[in-house]
Amino acid sequence: MPRGDGTGPIGQGRGGGRGMGRAAGIGRGRMGGSFAAGPGGNCVCPKCGMKTPHVAGQPCTAKTCPECGTRMTRE
Ligand SMILES: [Zn+2]
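Okay, so the sequence shown: first residue is 5 according to the numbering used here, each after it adds one.
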């Protein structure tokens with residue numbers, strides 16, 4: 005059980021893993037217009053009907069409508 009030591013190597017392993025995950029997320033960011041209906045579909049504002057492309061890893065309920073500020077929902 006090498007983990008019992010709790011020294012350098014473990015911390016490094018963790019940091020690397022996180023860094024990779026972050027980089028992947030950034031690389032995936034798409035600058036598609038309102039046309040881009042990615043694999044995740046769209047988020048829609050229940051109040052005014054504004055739609056924005058859903059971003060993987062970002063739940064629609066965590067976003068707010070750019071038009072009226074209402075919380076978005078999954079289309
Ligand atoms: Zn709205």
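Glycine included, each C-beta is placed from N, C-alpha and C at the ideal position.
Please read these numbers as outputs of a predicted model, since none were measured by experiment.
- DSSP places Cys49 outside both helix and strand once states are collapsed to three, so it counts as coil.
- Between ligand 1 and Cys49, a heavy atom-to-CB distance of less than 7 Å is present.
- With respect to the 8 Å criterion, Cys52 and Cys69 are classified as neighbours on the basis of their beta carbons.
- It is roughly 12 Å from the alpha-carbon of Lys55 to the alpha-carbon of Cys72.
- Looking from the CA of Arg75, the closest CA among Thr11, Asp9, Pro57, Cys49 belongs to Cys49.
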